[in-house]
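Visitor: Top to bottom, those sequences are chains D and H.
Numbers given in my numbering equal positions in the first sequence, counted from 1, plus 477.
Numbers given in my numbering equal positions in the second sequence, counted from 1, plus 138.
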Amino acid sequence: MSSVGITGYGAYIPRLRLSRKAVAQANAWFAPQLLARARGSRAMANWDEDSITLAVAAARDCLGTADEDRAALRSVLLASGTLPFAARLNAGVACAALRLPESVRAADLAGSQTAAPAGLAQALAAARSGGDTLLLAADTRRTRAGSAQELDYGDAAAALRLGAGPLLAECLGEAAITADFVDHFRLAGEDIDYHWEERWVRDEGIAGLMPRVIARALEAAALRPEQIDRFIFPSTFARLDAQLARQCGLRAEAVADNLADSVGDSGAAHGLLLLAAALEQAQPGQLILLAQFGNGGQAFVFRATARINEFRPRRGVGGWLARGVEETHYTRFLAYKEQLALERGMRGEQDRKTALTTYYRHREAIAGLVAGRCRHTGEVHFPPSRISYTQGAPAQDTQEPHPLAERQASVLSWSAEYLSFHLSPPHQYGQVDFDGGGRILMDFTDVAPGDIASGTRVEMVFRIKDNDELRGFRRYFWKATPVRGTAAAEA
Amino acid sequence: MSMGIRDKVAILGMGCSRFGERWDSSPEDLMVEAYNEAMADAGIAPEQIGAAWFSTHMEDVGTGRGGIPMSVALRLPNIAVTRIENFCAGGSEAIRSAVYAVAAGACDIALALGVEKLKDTGYGGLPMAAVGTYIPQWSPNAVAPANFAQLASAYRARHRVDPALLKRAIAHVSVKSHANGAKNPKAHLRKEITEEQCLKAPIIAEPLGLFDCCGVSDGAAAVIVTRPDIARSLGRKDLVTFKALQSAVSNGWEMQSSEWDGSYVHTARVAARKAYAEAGVSKPRQQIGMTEVHDCFSITELVTMEDLFLAEEGGAVRDVLDGVFDAEGQVPCQIDGGLKCFGHPVGASGIRMLYEMYLQLLGRAGPRQLKQPKLGLIHNLGGQPAQNVCSVSIVGLEGA
Chain D
478 MSSVGITGYG AYIPRLRLSR KAVAQANAWF APQLLARARG SRAMANWDED
528 SITLAVAAAR DCLGTADEDR AALRSVLLAS GTLPFAARLN AGVACAALRL
578 PESVRAADLA GSQTAAPAGL AQALAAARSG GDTLLLAADT RRTRAGSAQE
628 LDYGDAAAAL RLGAGPLLAE CLGEAAITAD FVDHFRLAGE DIDYHWEERW
678 VRDEGIAGLM PRVIARALEA AALRPEQIDR FIFPSTFARL DAQLARQCGL
728 RAEAVADNLA DSVGDSGAAH GLLLLAAALE QAQPGQLILL AQFGNGGQAF
778 VFRATARINE FRPRRGVGGW LARGVEETHY TRFLAYKEQL ALERGMRGEQ
828 DRKTALTTYY RHREAIAGLV AGRCRHTGEV HFPPSRISYT QGAPAQDTQE
878 PHPLAERQAS VLSWSAEYLS FHLSPPHQYG QVDFDGGGRI LMDFTDVAPG
928 DIASGTRVEM VFRIKDNDEL RGFRRYFWKA TPVRGTAAAE A
Chain H
139 MSMGIRDKVA ILGMGCSRFG ERWDSSPEDL MVEAYNEAMA DAGIAPEQIG
189 AAWFSTHMED VGTGRGGIPM SVALRLPNIA VTRIENFCAG GSEAIRSAVY
239 AVAAGACDIA LALGVEKLKD TGYGGLPMAA VGTYIPQWSP NAVAPANFAQ
289 LASAYRARHR VDPALLKRAI AHVSVKSHAN GAKNPKAHLR KEITEEQCLK
339 APIIAEPLGL FDCCGVSDGA AAVIVTRPDI ARSLGRKDLV TFKALQSAVS
389 NGWEMQSSEW DGSYVHTARV AARKAYAEAG VSKPRQQIGM TEVHDCFSIT
439 ELVTMEDLFL AEEGGAVRDV LDGVFDAEGQ VPCQIDGGLK CFGHPVGASG
489 IRMLYEMYLQ LLGRAGPRQL KQPKLGLIHN LGGQPAQNVC SVSIVGLEGA
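1) Give me the Cα-Cα distance between Leu150 of chain H and Ile187 of chain H, rounded to the nearest whole angstrom.
2) What residues of chain H sit near His858 of chain D, judged by a beta carbon separation below 7 Å?
3) Going by the CB atoms, is the gap between Leu947 of chain D and Arg780 of chain D shorter than 9 Å?
4) Can you give me, in chain order, the residues of the region 373-387 of chain H that have a beta carbon less than 9 Å from any beta carbon in chain D?
5) Would you say Arg884 of chain D faces chain H, with C-beta separation under 9 Å as the test?
6) Need the endpoints of the alpha helix (DSSP H) that Gly748 of chain D sits in, please.
7) For Ala652 of chain D, which option in D:Phe954, D:Pro688, D:Phe788 has the closest C-alpha, if you only look at C-alpha atoms?
8) Could you name the residues of the same chain whose beta carbon sits closer than 6 Å to that of Val857 of chain D, not counting the 5 residues immediately before and after it, in chain order?
9) Is Phe708 of chain D buried or exposed, if buried means 16 or more other CB atoms sit within 10 Å of its CB?
10) Would the C-beta of Gln760 of chain D count as close to the ligand SAH, meaning under 8 Å from any of its heavy atoms?
11) List, in order along the chain, the chain D residues whose C-beta lies closer than 9 Å to that of Thr271 of chain H?
12) Could you list which residues in chain D have their beta carbon closer than 9 Å to that of Gln261 of chain H, in chain order?
13) Can you tell me where the beta strand (DSSP E) with Met823 of chain D in it begins and where it stops?
14) Report, in whole angstroms, the separation of the C-beta atoms of Gly200 of chain H and Glu254 of chain H, which I expect to be a contact under 8 Å.
15) What is the DSSP secondary structure of Thr442 of chain H, reduced to helix, strand or coil?
16) In whole angstroms, what is the alpha-carbon distance linking Ala722 of chain D and Ala534 of chain D?
17) Relative to chain B, which residues along the region 161-181 of chain H have a C-beta separation below 8 Å, given in chain order?
18) Specify whether the region 581-593 of chain D and the region 638-648 of chain D touch according to this definition: at least 3 beta carbon pairs, one from each stretch, less than 8 Å apart.
19) Given a cut-off of 9 Å, decide if Arg156 of chain H and Lys381 of chain H are closer than it, judged by their beta-carbon atoms.
20) To the nearest angstrom, report how far apart Cys226 of chain H and Cys352 of chain H are at their CA atoms.
21) For the alpha helix (DSSP H) containing Val237 of chain H, name the first residue and the last one.
22) Can you have a look at Arg234 of chain H and say buried or exposed, based on whether 16 or more other CB atoms are within 10 angstroms of its CB?
23) Can you check the region 194-226 of chain H for any alpha helix (DSSP H) of at least 4 residues that lies completely inside it and give the ranges in chain order?
24) Tell me which residues share the same chain as Arg593 of chain H and place their Cβ nearer than 8 Å to its Cβ, disregarding the 5 neighbours each side in the sequence.
25) By DSSP's criteria, Phe708 of chain D is part of a beta bridge. Which residues make up the other side?
26) Within 10 Å of its beta-carbon, does Ile206 of chain H have 16 or more other beta-carbons around it, so buried, or fewer, so exposed?
27) Between Pro880 of chain D and chain H, is the shortest Cβ-Cβ distance under 9 Å, so that the two count as touching?
28) Quick one: Cα of Ala563 of chain D to Cα of Ala604 of chain D, how far?
29) Which of helix, strand or coil does DSSP assign to Leu531 of chain D?
30) Whole angstroms are fine: how far does the CA of Ile426 of chain H sit from the CA of Leu446 of chain H?
31) Just the Cα atoms here: how many angstroms apart are Thr332 of chain H and Val313 of chain H?
32) Would you mind sorting Tyr671 of chain D into buried or exposed? The rule is 16 or more other CB atoms within 10 Å of its CB.
33) If we count the other Cβ atoms within 10 Å of its Cβ and call it buried at 16 or more, is Glu344 of chain H buried or exposed?
34) Identify whether Trp391 of chain H lies in helix, strand or coil by the three-state DSSP scheme.
35) Quick one: what's Trp993 of chain D bridged to in DSSP?
36) Beta carbons nearer than 9 Å to chain H: which residues of the region 884-903 of chain D have them?
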């Protein structure tokens, strides 16, 4: 059997990092026991982020900017327990934003925390029969105010590209156990998980099931436990990864940092996120074991190839970690999770109906941020149009598709207003001029007052544009955010 | 160039309602108020009106669509009534339509009336305008203050103006307008304000504070136009005539290309050049005696002084602070108080601006009366700096 494995990886961690101390202190009157575990911060999606936008950001981190890389993809899988749409292909939104070829087969994977490992197994199988898969995993879970999960969970996404080569890490073995062990559940239509007793989950579930699946994966890879250099096991139980390692005969120093202090547990995404972090630091020959628990368990063994250092995600886990800003407003977190109804004023009543016919007609411009470039003058038009704006000499039907999403831009003019209803006031927007031409009046996101000025360099991010609460629809578009340090610069 | 409109059409009568929070008045009441005054001024009967144009912008408040609401409110004798909607410049567009109809000889007497009832929205400020099904899918849900505030950021960058200095200059714009408006019984806001009040007011859209934004009010204004010979036959002696009526509409160049630097309003310059040519004005700062400009925000007025060639490019900050556009200055601006004090009942504003010019030219402006102005300029802007409808009109006494 030919070698298959990982050919690219990426991650995304939202910029906001909610201070656990702020959460615990706000809830101390009600849940004083949480003060003891209020260490570090957890990643928190901005109001305009959801599992789709997080997944797109991770995909861009993995894929780089070159179109050719994307054209070779055969399939896209999006794994998440918090897909925004119950009916509509969520992965399809990501494909449109990433401008993937229409021949791509896309599917959503949901239902269990092991949706991502299930996708990983599928992608590896597909790779064996020839074909690259982009596996995306993202979660933005809701929790109850004053719960342990509120502190433990975090919002994040990861992306893996899987294929037959050139490999960064080869899959040496894999195994799965399916068991209807219900440590937590959530009925369709509900939005918060219900958990059974932790001690049972730990002792009967994890300690009972995971050693068996890990042993089988190691056996498939023909490896002994002590040979493993990096052991990844996402869990919100403190030090359970180390206990499991001991139980399985894995070396204590092999246990990977689970990013609990900085990100929190990102649900369906967390295994892949930790794998992406491990790959960033892996050396050729290093053996990585990824195990994930959930209605059974799954395990994969990878060996970093000689090429492991030839690839770098655009920012990677390290880069995203360094870009965080501490958020100390607990009510902001609740509001963004739609658990706190803020006064919107009458301006917040505006209808946000989306004409789906219009969207489909202009899907390349809206979802893909594709402008029209005049083949004679080089002038860039957004949105694209039949007649060019060339003053005094408009040309007709001369525009060719000109993608803008991977281009940077400069702010021409801007304002920050406190008038309209906006979940991150002041609402900031302005005219941005793209490198290579093109101008768009755009929203700025991930910004605080003072972050935007005339001349500020910005880059594009795919975000929620509007929520249509009347009909239960959500539309997406691109926003500008200041160019901030890269992983390399911050490492 | 075409023959133009100069001196071909005269104003027969004008009316303007009191502007303000007219809680007790419906849009129909406001229309009747302006119409009655205009008809009494013109001294004609409804049957003498050949056609009418009706300017109103908002459909979700006020009267709704079409020409019917005006025909019904005024019980017009089954003449043609056409609704005009061209953003905030609709009032000037209604005037242009009526004047052109008369100039063409299609009718002898025409009526243009604008009304807006904004205080039935339930909140301050303008409602969000519908912009079709495509634009909302990508363009920010922008509000007018932030669209116009961008002029300030680009103007600062272009002319390297210290933000504090620009803030002080636009404060002066509002202080001046309030001083003027305080003398006008039809204005909405009739209190003088200080520079300090302006500078310390809460920020609405950086850098615009509360006093940098015009008021929001209800109001209506009407004008009846005819040919000068008909006006004279009806006993009118001093005639205010139209010297120029120009309008320039953006075609997307400012908004989409990277050539426009955002620090001025392109269409205003286009319309101003054409209007000066049509009116035979070669030295605007010397020849224009007064202006009513679209001061929806203080920064708009400051930039407009340059766009109308009444100040040099980059020189408006100095001129404003020097008082060039104050009531006693060389080119008084917003002598009636402007949008700042009248508020901006969208469809009525352009006609309200003409009303002040008409009063001033006929010497009827009472305590605000300027000393023998000859030509007055009206600048009426709809949309946003990056994409708009801009109307520039010049009026004066016949033969001036």
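The C-beta atom is built at its ideal place from N, Cα and C for all residues, glycine as well.
Guide: According to the data block:
1) Within the second sequence, the letter at position 12 stands for residue 150 of chain H. Within the second sequence, the letter at position 49 stands for residue 187 of chain H. For the pair Leu150 of chain H and Ile187 of chain H, the Cα-to-Cα distance works out to about 11 Å.
2) Here residue 858 of chain D refers to the residue found at position 381 of the first sequence. Those within 7 Å of His858 of chain D in chain H are Gln394.
3) Translated into the one-based positions of the first sequence, residue 780 of chain D becomes position 303. Translated into the one-based positions of the first sequence, residue 947 of chain D becomes position 470. In terms of Cβ geometry, Arg780 of chain D and Leu947 of chain D do not form a close pair [threshold 9 Å].
4) The region 373-387 of chain H vs chain D, Cβ under 9 Å: nothing.
5) Here the question's residue 884 of chain D lines up with position 407 in the first sequence. No, no contact with chain H.
6) For this step, residue 748 of chain D is matched to residue 271 along the first sequence. Note, Gly748 of chain D: alpha helix (DSSP H), 747-758.
7) Sequence index remark: in the first sequence, residue 652 of chain D carries index 175 (1-based). Cα-wise, what sits closest to Ala652 of chain D is D:Pro688.
8) To locate residue 857 of chain D, count along the first sequence from 1; it is residue 380. Around Val857 of chain D: Ala848, Arg850, His879, Gly914, Gly915.
9) The residue labelled residue 708 of chain D in the question sits at position 231 within the first sequence. Buried, since its Cβ has 16 or more Cβ neighbours within 10 Å.
10) Of the ligands one can find in the structure shown there are none, so the ligand SAH has no counterpart to examine.
11) Position 133 of the second sequence, counted from the first residue, corresponds to residue 271 of chain H. Think of a sphere of 9 Å around the beta carbon of Thr271 of chain H: the chain D residues whose beta carbon falls inside it are Lys830, Thr831, Ala832, Thr834, Thr835, Tyr836, in chain order.
12) One-based indexing of the second sequence puts residue 261 of chain H at position 123. Reading the sequence as shown, one finds Tyr at residue 261 of chain H and not Gln. Correct list: Gly822, Met823, Arg824.
13) By 1-based counting over the first sequence, the position of residue 823 of chain D is 346. Met823 of chain D -> no beta strand (DSSP E), and no H or E assigned at all.
14) Taking the first residue of the second sequence as position 1, residue 200 of chain H is located at position 62. Taking the first residue of the second sequence as position 1, residue 254 of chain H is located at position 116. Confirmed, about 6 Å.
15) Position 304 of the second sequence, counted from the first residue, corresponds to residue 442 of chain H. Looking at Thr442 of chain H - three-state DSSP - the assignment turns out to be helix.
16) The residue labelled residue 722 of chain D in the question sits at position 245 within the first sequence. The residue labelled residue 534 of chain D in the question sits at position 57 within the first sequence. Just so you know, the alpha carbons of Ala722 of chain D and Ala534 of chain D end up roughly 32 Å apart.
17) No chain B appears in this structure, whose protein chains are D and H.
18) Counting Cβ pairs under 8 Å, fewer than three are found: no touch.
19) Taking the second sequence and counting its residues from 1, one reaches residue 381 of chain H at position 243. Taking the second sequence and counting its residues from 1, one reaches residue 156 of chain H at position 18. Pairing Lys381 of chain H with Arg156 of chain H gives a Cβ-Cβ distance that is not under 9 Å.
20) Stepping through the second sequence from its first residue, residue 226 of chain H is reached at position 88. Stepping through the second sequence from its first residue, residue 352 of chain H is reached at position 214. Distance between the alpha carbons of Cys226 of chain H and Cys352 of chain H is about 13 Å.
21) As a first step, residue 237 of chain H is located in the second sequence; it is residue number 99 there, counting from the start. Its alpha helix (DSSP H) spans residues 228-241.
22) Sequence index remark: in the second sequence, residue 234 of chain H carries index 96 (1-based). It is buried - the Cβ of Arg234 of chain H has at least 16 other Cβ atoms within 10 Å.
23) Qualifying alpha helix (DSSP H) stretches, in chain order: 206-212.
24) Any question about residue 593 of chain H goes unanswered here, given that chain H covers just 139 to 538.
25) Residue 708 of chain D sits at position 231 when you count from the first residue of the first sequence. Bridge partners of Phe708 of chain D: D:Val732, D:Leu766.
26) Along the second sequence, one-based indexing puts residue 206 of chain H at 68. Exposed is the call here.
27) Taking the first residue of the first sequence as position 1, residue 880 of chain D is located at position 403. For Pro880 of chain D, the closest Cβ of chain H is not nearer than 9 Å.
28) The count along the first sequence starts at 1 and reaches residue 563 of chain D at position 86. The count along the first sequence starts at 1 and reaches residue 604 of chain D at position 127. Ala563 of chain D and Ala604 of chain D: Cα-Cα distance of roughly 28 Å.
29) Within the first sequence, numbered from 1, the residue matching residue 531 of chain D stands at position 54. Leu531 of chain D: helix per DSSP, three-state reduction.
30) As a first step, residue 446 of chain H must be located in the second sequence, where it is residue number 308. As a first step, residue 426 of chain H must be located in the second sequence, where it is residue number 288. Cα to Cα, the separation comes out at about 10 Å.
31) Your numbering for residue 332 of chain H matches position 194 in the second sequence. Your numbering for residue 313 of chain H matches position 175 in the second sequence. Using only the alpha carbons, I get a separation of about 6 Å.
32) Position 194 of the first sequence, counted from the first residue, corresponds to residue 671 of chain D. Exposed: under 16 other Cβ atoms inside 10 Å.
33) As a first step, residue 344 of chain H is located in the second sequence; it is residue number 206 there, counting from the start. It counts as buried.
34) In the second sequence, residue 391 of chain H corresponds to position 253, counting from 1. Residue state, collapsed to three classes: helix.
35) Because chain D is modelled from 478 through 968, residue 993 of chain D falls outside the range shown and cannot be assessed.
36) Shown in chain order are the members of the region 884-903 of chain D whose Cβ falls below 9 Å from a Cβ of chain H: Val888, Leu889, Ser890, Trp891, Ser892, Ala893, Glu894, Tyr895, Leu896, Ser897, Phe898, His899, Pro903.
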